[in-house]
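What follows is one structure encoded as structure tokens, with my remarks underneath.
Protein chains: 2
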Amino acid sequence: MTSATPERRRGRQLPTADELRIWRDFIETTEALTSQVSTRLQADSALSPGDYAVLLALSEAQGRKMRSSALAAHIGWERSRLSHHLGRMERRGLIRRQECQTVPRGSEVLLTPTGADAFRNATFPHLRAIRELFVDALTPEQLRAAGEIAAALRAHLGTRRED
Amino acid sequence: MTSATPERRRGRQLPTADELRIWRDFIETTEALTSQVSTRLQADSALSPGDYAVLLALSEAQGRKMRSSALAAHIGWERSRLSHHLGRMERRGLIRRQECQTVPRGSEVLLTPTGADAFRNATFPHLRAIRELFVDALTPEQLRAAGEIAAALRAHLGTRRED
DNA sequence: TCCATGGAATTGACGTGTCAATCGGCAGGT
DNA sequence: ACCTGCCGATTGACACGTCAATTCCATGGA
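As they're listed, the protein sequences go chains A and B. For our numbering, count along the first sequence from 1 and bump the result up by 153. For our numbering, count along the second sequence from 1 and bump the result up by 153.
Pasting the structure below:
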């Protein structure tokens, strides 16, 4: 099949040691980064990244409420994941769920005052953490490169969907 | 306090809209990437990334065994996390635990033949997935930049430890 | 009318991760 | 000998995610 390669061995399929080292560095570092940001968010506002994503979406929604499936699509979660998460958030009083009048079997998620407060108080320190831990760590060129790398990876992941 | 300061001042603490967009792209993309790699690993060899990390460390260890605390340090996990994970892996027959002769209260983790097999069969497809999903997605310069970004982020995280 | 078919959402089982106890043994000091 | 403290490891409680059922209801044939 794919035998026409510049490598002296036929179709080299494995990453080199250097490539592998970069992979491990990259993955471990981004994991440490998200973990730090998440720890800060938790410490500053008792919210998890998931909580924050849900509250952000609801804050920006019309009437501070959203159909459950629309919410899932908006933040890119599976519906089951969202359902579990909403259950936990509802127990803490951050959101409420109610039957949707227009759609049978539909559920509407709405932001409670408690949730709105929590989100408002979380935003500033969270954005500051992103700046301190991510933006400030990189030169402007590195930041630009990070955006391009993300775009390239995403495009590549996209193409491989059907492969 | 720092209230009446317009945007252009050096005291700005929040990321710009562009910086924030890059942050979100970057984080979401790396998460999608790790999730894809993990899904492949699972499909190809019924191992999780955690399983793979443990098996890799044990495969390279003297006598295919390692003190539990040394293992935790080697792969950078909290000991409690490792303990839970080893329990699950032991149930599946991938590893075994035994009392350590030299150290009181010490536990030794050792690779079973089943575990060694699983690791051997997992390695090739896993490395291929890394190449396909990560290395192949980037130009050589982007790959180099990814390594530098990881280094910069890690260095920055390190300095903030004591802050 | 009755059934199956499908969409929206939830639920259960289970793997995974963190944090705070806890356990068990071995100091060191008195 | 006794108490106290540490150290290695485990455990329990809980949050989080995924996958495979399952529930509820509406609707379109037979």
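Glycine is no exception: its CB is placed at the ideal position from the N, C-alpha and C atoms. All figures in this text were calculated on a predicted structure; none of them were measured in a lab.
Residue A:283 holds the alpha-carbon nearest to the alpha-carbon of residue 188 of chain A among A:304, A:283, A:298 and A:303. In summary, the residues of the segment 179 to 208 of chain A whose CB is separated from some CB of chain B by less than 7 Å are 179, 180, 182, 183, 185, 186, 187 and 189, in the order they occur in the chain. Here the alpha carbons of residue 296 of chain A and residue 171 of chain B stand approximately 10 Å from one another. In the three-state reduction of the DSSP assignment, residue 260 of chain A falls in the strand class. In this structure, DSSP gives residue 245 of chain A a state outside helix and strand, which the three-state scheme calls coil.
Interface residue (Cβ-Cβ distance to chain B less than 8 Å): residue 234 of chain A is not classified as such.
With contacts defined as CB atoms closer than 8 Å, residue 303 of chain B and residue 192 of chain A fail to qualify as a contacting pair. Taking the CA atoms as reference points, residue 260 of chain B sits about 5 Å from residue 253 of chain B. Nearest in C-alpha terms to residue 207 of chain A, of all of A:269, A:185 and A:178, is A:269.
DSSP places residue 166 of chain A in the coil class of the three-state scheme, outside both helix and strand.
The alpha-carbon separation between residue 202 of chain A and residue 255 of chain B amounts to approximately 44 Å.
Here the alpha carbons of residue 238 of chain B and residue 200 of chain B stand approximately 12 Å from one another. For the segment 212 to 238 of chain B, the beta-carbon criterion of a distance under 8 Å to any beta-carbon of chain A is satisfied by 229.
Under the 8 Å Cβ criterion, the segment 215 to 226 of chain B does not count as touching the segment 210 to 227 of chain A, having fewer than three qualifying pairs.
Counting only Cβ-Cβ distances below 8 Å, residue 243 of chain B has no contacts in chain A at all, with the closest Cβ about 25 Å away. Closer than 9 Å at the C-beta level to chain A, one finds these residues of the segment 285 to 306 of chain B: 285, 286, 287, 288, 289, 290, 291, 292, 294, 295, 296, 297, 298, 299, 300, 301, 302, 303, 304, 305 and 306. In the assembly as shown, residue 233 of chain A is an exposed residue. Its beta-carbon has fewer than 16 other beta-carbons within 10 Å. Using a Cβ distance threshold of 8 Å, residue 179 of chain A and residue 196 of chain B do not count as a contacting pair.
Secondary structure of residue 215 of chain B (DSSP, three-state): helix. Shortest Cα-Cα distance from residue 276 of chain A to any of A:175, A:198 and A:174 involves A:198.
Of all residues in the segment 266 to 283 of chain A, the ones placed with a Cβ closer than 7 Å to any Cβ belonging to chain B are 280, 281 and 283, in chain order. Taking C-beta separations shorter than 7 Å and ignoring five residues to either side along the sequence, the partners of residue 262 of chain A in its chain run 211, 218, 219, 221, 224, 239, 248 and 250, following chain order. As a beta-bridge residue in DSSP terms, residue 252 of chain A pairs with A:260. The beta carbon of residue 287 of chain B sits closer than 7 Å to those of 186, all from its chain and outside the five residues before and after it, given in chain order.
Interface annotation, residue 263 of chain A: not in contact with chain B, CB-CB separation never under 8 Å.
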